Amino acid sequence: MKRIKVADLMTDEVVSVGQDTAFKDVAKLLAQYDISGVPVLNDEDRVVGVVSQTDLLAVTARLPHPDPLGDGAPVKLPAAGDIMSEPAVTVRAEETAADAARLMTRRGIERLPVVDVEDRLVGIVTRRDLLRMFLRPDAEIRRRVGDVLRDVAGVSADEVEVHVVDGIVTLDGRVRHQSQLPALLGLVERLDGVVAVASRVTARSDDTASTAAGHGRHAMPW
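The sequence shown runs 5 to 226 under this note's numbering.
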């Protein structure tokens with residue numbers, strides 16, 4: 005059963021800031037790269053928090069109104085480490101993309117820093133990357149799998165039943181030839197929305213031995 009990992013989808017060029025990065029510099033980065041937040045790193049490149057647009061807006065909402073006479077003391081804005089949300093919500097590169105997508109949905113966040121076993125930043129995945137691919141409705145996935153099996157693989161619903169729960173597709177049934185099985189599995193695994201495939205499909209006849217023998221007759225002698 006194949007599972008797509010976060011490492012397969014993440015972007016490894018990540019915009020990040022340090023704990024001492026100035027408020028205005030964080031705001032400039034968010035605007036420049038059109039992103040909703042950035043991970044905050046300590047001196048060892050470990051993710052210690054995240055600064056989002058919401059965090060910045062919360063600070064500006066607390067600022068005093070400007071003095072119309074211009075006599076007020078200059079306002080000192082906090083650095084990234086002072087306003088970041090902590091601890092950061094992160095995901096490991098080896099975790100499944102489906103688990104990352106569900107974590108985003110549950111926590112209501114747009115981006116997930118990807119970290120290694122020592123919590124060092126190695127990449128980032130976004131809601132757009134994951135939700136579009138892995139959180140399609142099960143009914144829609146089931147319909148699409150059935151269409152592909154019928155139109156591409158030539159397998160009818162009477163031969164193979166399709167069950168889908170949380171993006172995990174289970175195939176039950178029997179096809180004509182053993183050689184059909186790898187292609188059938190590959191077609192389903194590549195469909196958008198499919199998290200993993202468990203196949204319990206068997207074949208009425210094993211044609212792989214005769215295929216191998218045919219190849220052998222045309223092999224060059226040694």
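Cβ coordinates follow ideal geometry from the N, Cα and C atoms, glycine included. Fair warning: this is a prediction, and the values are worked out from it, not measured in the lab.
Would you check if there are 3 or more beta carbon pairs closer than 8 angstroms linking the segment 83-103 to the segment 48-58? Touching, yes, given that three or more Cβ pairs across the two stretches are closer than 8 angstroms.
Check the C-beta distance from SER40 over to ARG111 and give it rounded, since I have them as a contact under 8 angstroms. Within the sequence shown, residue 40 is the residue found at index 36, counting from 1. Within the sequence shown, residue 111 is the residue found at index 107, counting from 1. Not really, about 13 angstroms apart at Cβ, beyond 8 angstroms.
Taking the straight line between their C-alpha atoms, what separation do you get for ARG50 and ASP123? The residue given as residue 50 occupies position 46 in the sequence shown. The residue given as residue 123 occupies position 119 in the sequence shown. Approximately 5 angstroms, taken between the alpha carbons.
Helix, strand or coil for GLU17, going by three-state DSSP, please let me know. Numbered from its first residue, the sequence shown carries residue 17 at position 13. In this structure, DSSP gives GLU17 a state outside helix and strand, which the three-state scheme calls coil.
Hey, ILE250 and VAL173 are a contact pair by Cβ (cut 8 angstroms); roughly how many whole angstroms apart? Given that the chain is displayed from residue 5 to residue 226, the structure contains no residue 250 and the question cannot be resolved.
Candidates ALA143, GLY85, GLY53, ASP151: which alpha carbon is nearest VAL118's? The residue you call residue 118 lines up with position 114 of the sequence shown. When only C-alpha atoms are compared, the closest one is GLY53.
Minimum C-alpha distance to ALA84 - residue among THR100, THR94, ILE8, ALA62: As a working mapping, residue 84 is identified with position 80 in the sequence shown. Sorting THR100, THR94, ILE8, ALA62 by C-alpha distance to the C-alpha of ALA84 places ALA62 at the top.
If you check the beta carbons only, do LEU189 and SER203 fall under 9 angstroms apart? Along the sequence shown, read from residue 1 onward, the residue named residue 189 stands at position 185. Along the sequence shown, read from residue 1 onward, the residue named residue 203 stands at position 199. Yes, the pair counts as a contact, with Cβ atoms nearer than the cut-off.
Per-residue burial, THR25 [other beta carbons within 10 Å of its own, 16 or more giving buried]: Looking up residue 25 in the sequence shown gives position 21. So THR25 counts as buried.
Top-ranked residue by Cα proximity to ASP176, from ALA11, ASP170, GLY150: As a working mapping, residue 176 is identified with position 172 in the sequence shown. Closest in alpha carbon position to ASP176, among ALA11, ASP170, GLY150, is GLY150.
Within 8 angstroms: the Cβ of GLU165 and any heavy atom of the ligand SAM? Of the ligands one can find in the structure shown there are none, so the ligand SAM has no counterpart to examine.
Cα separation between ALA35 and ASP29? What you label residue 35 is simply residue 31 of the sequence shown in a count that begins at 1. What you label residue 29 is simply residue 25 of the sequence shown in a count that begins at 1. Rounded to the nearest angstrom, the two C-alpha atoms are 10 angstroms apart.
Checking the sheet assignment: what are the DSSP bridge partners for ASP211? Here the question's residue 211 lines up with position 207 in the sequence shown. ASP211 is bridged by DSSP to nothing; it lacks a bridge partner.
According to DSSP, simplified to helix, strand and coil, what is LYS80? On the sequence shown, position 76 is the one that residue 80 refers to. Three-state result, LYS80: coil.
Per DSSP, which residues does VAL121 bridge with? Please list them. The sequence position of residue 121 within the sequence shown is 117, counting from 1. DSSP output for VAL121 lists no bridge partner at all.
For ALA102, count neighbouring Cβ atoms within 10 angstroms of its own Cβ and tell me buried if that reaches 16, exposed if not. Within the sequence shown, numbered from 1, the residue matching residue 102 stands at position 98. With 16 or more Cβ atoms within 10 Å of its Cβ, ALA102 is classed as buried.
ARG221 - DSSP class collapsed to helix/strand/coil: Taking the sequence shown and counting its residues from 1, one reaches residue 221 at position 217. In this prediction, ARG221 has a pLDDT of 47, which is less than 50 and means its spatial position is unreliable; what the coordinates show is noted afterwards. When DSSP states are grouped into helix, strand and coil, ARG221 belongs to the helix group.
Enclosing beta strand (DSSP E) for ASP176 [first to last residue]: Within the sequence shown, the letter at position 172 stands for residue 176. Taken as a continuous stretch (DSSP letters only), the beta strand (DSSP E) holding ASP176 covers 172-181.
Skipping 5 residues on each side, what residues in its chain have a beta carbon closer than 7 angstroms to that of SER160? In the sequence shown, residue 160 corresponds to position 156, counting from 1. Scanning its chain for C-beta atoms nearer than 7 angstroms, with the 5 sequence neighbours on each side dropped, one finds around SER160 the residues ARG154, in chain order.
So for ALA92, helix, strand or coil by DSSP? If you number the sequence shown from 1, residue 92 lands on position 88. Here ALA92 carries a coil assignment [DSSP, helix/strand/coil].
Grouping DSSP H, G and I as helix and E and B as strand, with all else coil, what is PRO186? Locating residue 186 in the sequence shown gives position 182, counting from the first residue. Per DSSP, reduced to three states, the secondary structure at PRO186 is helical.
Cβ atoms of VAL21 and PRO43: under 9 angstroms apart, would you say? Against the sequence shown, residue 43 aligns to sequence position 39. Against the sequence shown, residue 21 aligns to sequence position 17. The answer is yes: Cβ separation under 9 angstroms.
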